[in-house]
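Novice: Quick one: the structure is below, questions incoming.
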Amino acid sequence: MGNQISEAVKPAHLQHHFVDVDQQFESSKLGMWIFLVTEILMFGGLFVAYIIYRSGHPDLFYLAAKELDTVLGATNTVVLIASSLTIALAIRAVQLDKIKAAVNYMAATIALAGTFMVIKYFEYMDKFDKGIYPGAAYSYDGIPHDMAANFFSIYYMMTGLHGIHVVIGMVLIGWMIVKAKKGAVHSGYYTPVENTGLFWHLVDIIWIFLFPLLYLID
Amino acid sequence: MNRIIEYLLPPQRSSLASEVDSLFTFINVAGFLLFAGIMITILIFVIKYRRKSEDDVTPVITHNSILEVTWTVIPIILILIVFSWGFRGFLSLSSTPANAYEINVTAASWLWEFRYPGGGTTVNEVFVPVDRPVKFIMRSDDVLHSLYVPDFRIKQDVLPNRYTTTWFQATETGESVLFCTEYCGTAHSDMLATVHVLSREDFEEWLETGLEVDEDMPLADLGRQTYTSAGCNACHTLDGSDRIGPSFLNLFDSERELADGSVIVADEDYIRRSILEPQADITAGYPANMPSYAGRLNERQIDGLIAFIKELQD
Amino acid sequence: MADSTSNTLKIREFPVEENPKHTYLNADKGILSWLFTLDHKRIGLLYLGSITLFFFVGGVLALLLRTELLTPAQNIIDADTYNQIFTLHGAIMIFLFIIPSIPAALGNFFLPMMIGAKDVAFPRLNLASWWIYIFGALFALFSIINGAVDTGWTFYTPYSVQTGTAVVSMTLAVFILGFSSILTGINFIVTLHKLRSPGLTWSRMPLFLWSLYATAIIQILATPVLAITVLLLSMERIFGIGIFDPTMGGDPVLYQHFFWFYSHPAVYIMIVPAFGIISELISTFSRKTIFGYWAIALSSLAIAFIGFLVWGHHMFVSGQSELSSVVFSFLTFFVGVPTGIKIFNWVATMYKGSIDLKTPMLYALAFLFLFTIGGLTGIMIGALSVNVHLHDTYYIVAHFHYVMMGGTVIALLGGLHYWWPKMTGRMYSEFWGRITCGVIFVSFNMTFLPQFIMGSQGMPRRYFNYVDQFQGLHQFSTIGSYILGVGFVMMAVYLAWSLFRGPKAPSNPWRARSLDWMTSSPPPHHNFEYTPVILHGPYDHHQPMREFRMGVVREAEQHGTPVETDTTDITR
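Protein chains in written order, with this note's numbering: chain A, 694 to 911; chain B, 27 to 340; chain C, 4 to 575.
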């Protein structure tokens with residue numbers, strides 16, 4: 694741990710309180726991982742609510758899940774997995790100083806994320822048209838269960854919070870594109886891109902849990 | 027020693043109280059001894075090892091296995107004793123005897139209603155026989171409440187979405203206070219009831235006669251009695267000051283401005299409707315949170331309340 | 004960073020500059036240089052100022068409550084106002100004062116100094132954490148203006164869903180404050196892992212840092228669950244999603260499980276840092292190696308771990324299953340063991356020490372007295388059958404005030420007096436320090452001891468109105484609280500005096516051994532003008548002081564003639 698002081702060249706991106714670049718990189722990465730832990734725990738609360746309600750009312754989940762469009766859900770799963778691939782390629786490209794390719798990969802990631810959100814939008818609209826609103830405004834009577842509204846409350850909370858994370862991810866990746874174009878990231882310093890990638894993988898992984906839990910119930 | 031414990035605790039009036047109290051006493055005594063031991067040690071150290079000069083040299087003592095094992099094992103033993111003791115008491119508290127006399131309890135903001143197996147209802151007071159297990163089967167009309175009788179050492183939250191139960195066997199006749207101990211809003215601290223423990227004969231007699239209204243009592247007197255027994259006093263004062271609801275003073279025949287802007291005269295019909303359907307006419311400036319007394323008061327009690335309110339003019 | 008050219012370092016002693024000209028206090032000027040500082044010391048002081056403000060607000064609210072309780076009937080405020088005030092007192096004291104208190108104020112200031120770092124790992128996140136805290140505080144303020152909140156700080160459903168008060172903005176405030184807490188936690192963990200100076204191994208880390216480490220772990224594991232809980236509660240109020248609302252098939256007991264899954268560990272967020280301060284104080288003022296270093300360090304982690312398994316002990320009478328109550332009670336008692344171990348270790352540290360009853364040490368002793376009472380009464384209410392009687396009575400109120408105020412606040416005051424010379428560069432009046440400590444200690448007991456008695460006698464908590472038999476004890480308690488208030492005013496006066504008129508502080512007035520004392524008072528902008536090297540443990544009072552002031556010899560010096568060279572090998 695920094696048991697040496699290199700008085701040699703201090704790169705511009707090295708903050709004053711770090712001894713060297715490695716220390717700064719490792720710190721950022723550890724910080725990001727801990728942040729991801731807090732994210733998982735936050736979603737964890739929703740998963741616990743889900744488990745409690747599903748174990749209490751298995752028939753409700755079976756009946757209500759039929760209302761969800763599995764084809765659209767599966768498409769979104771594929772879209773997000775593809776976006777995870779493109780962001781990983783973007784990180785690789787930055788590490789190899791192929792900034793132009795990196796920008797393209799990141800743009801592709803944003804496009805895929807956008808596709809996900811558009812599909813999500815159509816799914817929500819379809820529900821709203823039927824009167825499947827969150828909470829008290831729920832007015833659909835196509836599900837023969839008196840707690841159908843509760844299933845959709847959980848559905849909207851989980852997918853909604855996930856959707857917010859997708860949007861945050863898009864903003865972050867957009868910021869990384871700006872950084873890359875300004876030449877602020879390169880093979881010597883790619884920490885922010887890498888951390889953004891980590892965040893994006895988390896968004897992807899959470900969806901991979903949400904999809905079967907909400908759409909594929911039988 | 028006994029005197030201190032007696033001062034600290036309410037009187038023991040249920041069969042379960044003495045078991046709870048003996049554990050309370052044990053923890054207090056053991057805790058006090060431990061506490062005194064630690065404090066005396068500190069005091070001795072502070073006096074004996076106070077700094078004599080700035081150049082004091084202290085020995086390097088980093089650990090002592092025997093000592094450390096001792097002060098780990100002894101507390102573990104103590105807490106295991108306390109746990110098992112508390113567990114045993116909890117078992118008695120939660121296993122209701124089969125022959126218990128069952129009373130249904132409904133909590134509402136802010137009153138307690140007790141319904142007896144043979145029919146009949148009391149509000150904010152409950153009558154129970156001595157030396158016989160009594161089981162409360164409880165449910166809330168609105169938010170969480172909690173039924174607590176310190177003299178019996180029982181407490182149980184009352185939920186809106188399912189029944190909870192508690193039981194006790196009173197050991198002496200007399201009156202005990204019953205509190206609500208789960209915060210429930212404005213008049214939480216006025217949501218009290220009285221537990222009347224009656225001898226077996228008195229209880230039988232009360233069942234026969236007590237639930238019926240005294241036909242001979244003048245209506246206004248019955249109204250005054252109902253005012254406290256039904257818990258009207260938690261929200262409505264008699265001296266013109268505001269509590270949760272409007273005061274009863276000068277209420278009768280006054281013009282009431284309602285929350286929707288209309289004006290209504292407080293006649294007999296208005297008062298009756300306000301008792302049975304409280305949300306129908308809400309006086310402007312007051313919250314719409316009074317529970318309905320439909321089924322909780324009989325016709326004569328309602329008439330009595332109206333007569334009582336009529337008299338309250340200054 | 005194993006790629007060093009050699010595994011040995013040249014080190015020498017770096018003498019500490021007394022009465023320094025350039026300090027972090029005058030490194031920059033102007034209000035903006037404070038509000039947007041990235042210096043962890045200044046951020047620590049920003050936090051210290053903020054929590055002091057909110058402690059004052061919460062304290063005034065408490066005095067209002069106590070005044071109202073002088074008589075059973077209405078006295079100065081009505082029932083609704085009373086309910087709002089006790090809610091605000093709880094919410095402000097917990098979310099705005101005690102949770103950020105020790106970690107974000109003293110921790111922020113001293114954590115980097117104690118490991119010889121120039122700053123925390125993420126200074127910008129650190130500043131963001133303070134701004135988010137202020138933003139959350141504004142939300143809380145907004146809900147006070149916008150109709151206040153009357154649910155109790157626990158926001159139990161369904162009352163919190165039905166009441167007409169500003170619950171949503173208050174829960175959002177809690178949500179935002181949670182972020183601030185998480186950022187501090189992340190920062191501390193990373194800083195401790197990555198920024199320690201050469202030679203500062205885990206076994207040489209001051210126990211204050213071990214306690215902050217345990218706290219940070221709880222912060223990052225528990226706070227997100229609170230975030231989702233209050234988010235669900237807000238959604239419940241805005242959309243009526245029915246997760247916790249029984250009228251829509253939801254379960255209010257589920258809310259309590261969610262809430263206490265955070266809020267019980269949160270109790271340890273509040274108390275564990277206090278343990279750290281007490282370890283520093285007792286060792287320093289006994290001038291003796293701490294007894295059972297690893298026992299104290301690991302018991303903090305043990306408490307953090309067990310703390311996650313005991314939330315159900317808040318719910319013995321809530322209607323949760325009896326089996327859960329039994330399991331939670333059993334686990335609860337096991338928090339008592341590591342806590343007891345700490346107390347015994349502190350007492351053993353004083354054995355054959357050289358005990359100096361300076362103000363910070365008096366606070367440490369007051370802590371031992373009050374916290375032991377708090378802990379032992381915790382055993383009382385952990386016992387199932389007794390808990391049924393004592394739950395939601397003043398016994399609980401007294402218990403947690405003994406732990407939170409008698410524990411955390413007293414330790415905070417001890418830490419404040421201990422580090423005051425380092426933070427401000429001034430000494431305070433030892434005489435008034437001791438007197439005030441005595442006043443606070445006595446009046447604290449006057450305020451809260453009667454509440455144990457009332458509780459065992461059956462006085463329920465959150466009561467605006469009460470049965471006449473309790474009036475005498477209530478009045479005694481109220482008088483105690485007034486004196487307690489006077490004690491804090493006295494402290495404000497002599498500390499303010501010290502700030503402007505106090506004598507200059509030496510760099511190490513207590514002759515402590517940890518790194519925070521091996522730099523000037525007040526410290527320079529970057530804490531150390533060299534890279535410190537640690538050769539001994541933080542409590543090795545038997546080692547010569549100069550060996551605690553070692554630093555890496557600069558490369559420039561190596562080629563010239565070093566002032567003094569020590570070639571001790573500190574390969575790790």
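Cβ atoms here follow ideal geometry from the backbone N, Cα and C, with glycine treated the same way.
These numbers come from a predicted model, not from an experiment.
How do the segment 290–300 of chain C and the segment 240–255 of chain C stand: do at least 3 beta-carbon pairs fall below 8 Å, yes or no?
Specialist: Short answer: they don't touch.
Novice: Excluding the 5 residues preceding and the 5 following Glu303(B) in the sequence, name in chain order all residues of the same chain whose CB lies nearer than 7 Å to its CB.
Specialist: Cβ within range, chain order: Ser318.
Novice: Pop quiz: Pro161(C) and Pro75(C) are said to be a contact at Cβ under 8 Å. What is the actual Cβ separation, rounded to whole angstroms?
Specialist: Contact flag wrong, Cβ pair sits at about 29 Å.
Novice: Can Val177(C) and Phe98(C) be called in contact, C-beta distance under 8 Å?
Specialist: Yes, these two residues count as a Cβ contact at 8 Å.
Novice: Compute the Euclidean distance between the alpha carbons of Ala401(C) and Pro115(C), then round it to the nearest angstrom.
Specialist: When rounded, the distance between both Cα atoms is 36 Å.
Novice: Taking only the alpha-carbon atoms, compute the straight-line gap between Phe711(A) and Leu360(C) and give it to the nearest angstrom.
Specialist: In a straight line, the C-alpha of Phe711(A) is about 40 Å away from that of Leu360(C).
Novice: When DSSP builds the beta bridges, which residues end up paired with Pro155(B)?
Specialist: In DSSP, Pro155(B) forms a bridge with Leu224(B).
Novice: Please report the Cβ distance between Ser172(B) and Thr220(B), rounded to the nearest whole angstrom; I am assuming they are in contact, meaning their Cβ atoms lie under 8 Å.
Specialist: Contact flag wrong, Cβ pair sits at about 17 Å.
Novice: Looking at the C-beta of Ala217(C), does it have a partner C-beta in chain A at a distance below 8 Å?
Specialist: It does not: the Cβ of Ala217(C) has no partner Cβ on chain A nearer than 8 Å.
Novice: Taking DSSP as the reference, what is the three-state secondary structure of Phe162(B)?
Specialist: DSSP places Phe162(B) in strand when its eight states are reduced to three.
Novice: Are there 16 or more other CB atoms within 10 angstroms of the CB of Arg322(B), so buried, or fewer, so exposed?
Specialist: Buried.
Novice: Spatial neighbours of Leu204(B) within its chain, please: CB distance less than 8 Å, with the 5 preceding and 5 following residues excluded, ordered by chain position.
Specialist: Excluding residues within five positions, the ones whose Cβ falls inside 8 Å are Trp138, Val152, Leu173, Tyr174, Val175, Leu218, Ala219, Thr220, Val221.
Novice: Under a CB-based cut-off of 8 Å, is Leu359(C) close to chain B?
Specialist: Checking the sequence, you will find Asp at residue 359(C) rather than Leu. At least one chain B Cβ lies under 8 Å of Asp359(C).
Novice: Determine, using beta carbons only, whether Leu487(C) and Ile443(C) come nearer to each other than 8 Å.
Specialist: In contact: Leu487(C) and Ile443(C) (Cβ atoms closer than 8 Å).
Novice: Which bits of chain C does Pro159(B) rub up against, with CB to CB less than 7 Å?
Specialist: Going along chain C, no residue has its Cβ under 7 Å from Pro159(B), so there is no contact; the nearest lies around 17 Å.
Novice: Determine the closest residue to Thr2(C) out of Phe455(C), Leu498(C), His43(C), Ile382(C), with distance taken between C-alpha atoms.
Specialist: Since the first residue shown for chain C is 4 and the last is 575, residue 2(C) is missing from the structure and cannot be characterised.
Novice: Return the residue from the list Asn468(C), Pro276(C), Phe294(C), His260(C) that minimises the CA-CA distance to Thr84(B).
Specialist: Nearest of Asn468(C), Pro276(C), Phe294(C), His260(C) to Thr84(B), Cα basis: Phe294(C).
Novice: Report the three-state DSSP secondary structure of Met426(C) (helix, strand or coil).
Specialist: It is helical.
Novice: Contact check, Thr534(C) vs Val555(C) under 8 Å by CB: the rounded distance?
Specialist: Rounded, the Cβ-Cβ distance is 4 Å, consistent with contact.
Novice: On the DSSP bridge list, what partners appear for Lys181(B)?
Specialist: Lys181(B) is bridged to Tyr174(B).
Novice: In angstroms with no decimal places, state the Cα-to-Cα distance between Ile102(B) and Thr197(B).
Specialist: Approximately 36 Å, taken between the alpha carbons.
Novice: Considering Cys440(C), what are the terminal residues of the alpha helix (DSSP H) in which it resides?
Specialist: Start and end: 433–460.
Novice: By DSSP, does Met553(C) sit in helix, in strand, or in coil?
Specialist: If DSSP states are grouped into helix, strand and coil, Met553(C) belongs with the strands.
Novice: So, at 6 Å on beta carbons, what are the nonlocal neighbours of Ile784(A) in its own chain, with the 5 sequence-adjacent residues on each side left out?
Specialist: Only Val886, Glu887, Gly890 meet the Cβ criterion.
Novice: Going by DSSP in three states, Arg141(B) sits in which element: helix, strand or coil?
Specialist: Reduced to three states, the DSSP call for Arg141(B) is strand.
Novice: Quick one: is Ile14(C) near chain A, going by C-beta distance under 8 Å?
Specialist: By this cut-off, Ile14(C) is not an interface position.
Novice: Pick helix, strand or coil for His214(B), following the three-state DSSP scheme.
Specialist: DSSP places His214(B) in helix when its eight states are reduced to three.
Novice: Less than 7 Å between C-beta atoms, sequence neighbours within five positions excluded: which residues of the same chain meet that for Lys345(C)?
Specialist: Once the five neighbours on either side are set aside, the close Cβ partners of Lys345(C) are Phe278, Ile299, Ser302.
Novice: Restricting to Cα atoms, I'd like to know which of Val171(C), Pro18(C), Met208(C) is closest to Gly150(C).
Specialist: Comparing Cα positions, the closest option is Val171(C).
Novice: By Cβ distance below 8 Å, which residues in the same chain neighbour Thr5(B) in space, the five residues on each side in sequence not counted?
Specialist: In the structure as shown, chain B begins at 27 and stops at 340. Residue 5(B) is therefore absent and cannot be evaluated.
Novice: Quick one: does Tyr174(B) have its CB under 8 Å from some CB of chain C?
Specialist: It does: the Cβ of Tyr174(B) has a partner Cβ on chain C nearer than 8 Å.
Novice: Apart from the five residues just before and just after Ala12(C), which ones in its own chain have a Cβ nearer than 8 Å to its Cβ?
Specialist: Going by the sequence as given, residue 12(C) is Leu instead of Ala. If we look at Leu12(C) and ignore the five residues flanking it on each side, its Cβ neighbours are Pro201, Val536, Val555, Val556, Ile573.
Novice: Under a CB-based cut-off of 8 Å, is His394(C) close to chain B?
Specialist: So yes, His394(C) belongs to the interface.
Novice: Whole angstroms is fine: what's the gap from Met27(B)'s alpha carbon to Asn150(B)'s?
Specialist: Distance between the alpha carbons of Met27(B) and Asn150(B): 36 Å.
Novice: Report the CB separation of Leu636(C) from Ala225(C) in whole angstroms; it is logged as a contact under 8 Å.
Specialist: Because chain C is modelled from 4 through 575, residue 636(C) falls outside the range shown and cannot be assessed.
Novice: Please say whether Tyr271(C) and Ala307(C) have beta carbons closer to each other than 8 Å?
Specialist: Cβ distance < 8 Å, so Ala307(C) and Tyr271(C) count as in contact.
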